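In full-length UniProt numbering, the protein residues as written are 1 to 65.
Every residue, glycine too, gets a C-beta built ideally from N, C-alpha and C.
All values derive from a computational prediction rather than experimental measurement.
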Amino acid sequence: MYSSSTFDLSKNCAYHSNIQGHDTEECPALRNNIQNMIDKGKIIVQQGPLNHSTVDAVIVQGDTT
1 MYSSSTFDLS
11 KNCAYHSNIQ
21 GHDTEECPAL
31 RNNIQNMIDK
41 GKIIVQQGPL
51 NHSTVDAVIV
61 QGDTT
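Rendered as structure tokens:
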């Protein structure tokens, strides 16, 4: 839940069908759902070496619901 000090009408959350108040980067519901999928093994995050030629890979396995 957002307090009036963190609610910002200039921000929209794509995860919540562009509701106003926060942006997608700050969305606690999205963050919690992603963490739950990681915890259940539905998303595997593989980190590569830190250089400019590689990026971290995210592998989604099976049904994500």
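Name the DSSP bridge partner or partners of Gly-21?
Indexing the sequence shown from 1 puts residue 21 at position 21. DSSP output for Gly-21 lists Asp-8 as bridge partner(s).
C-alpha distance - His-22 paired with Asn-32, whole-angstrom precision:
Taking the sequence shown and counting its residues from 1, the one referred to as residue 22 is at position 22. Taking the sequence shown and counting its residues from 1, the one referred to as residue 32 is at position 32. Roughly 15 Å separates the two Cα atoms.
DSSP on Gln-46, reduced to helix/strand/coil?
As a first step, residue 46 must be located in the sequence shown, where it is residue number 46. Three-state result, Gln-46: strand.
Alpha-carbon spacing of Ile-44 relative to Ala-14, whole angstroms
The residue you call residue 44 lines up with position 44 of the sequence shown. The residue you call residue 14 lines up with position 14 of the sequence shown. Those two C-alpha atoms are separated by around 23 Å.
Go to Asp-39, then tell me how far its alpha helix (DSSP H) extends in each direction, as first and last residue.
If you number the sequence shown from 1, residue 39 lands on position 39. Residues 28 to 39.
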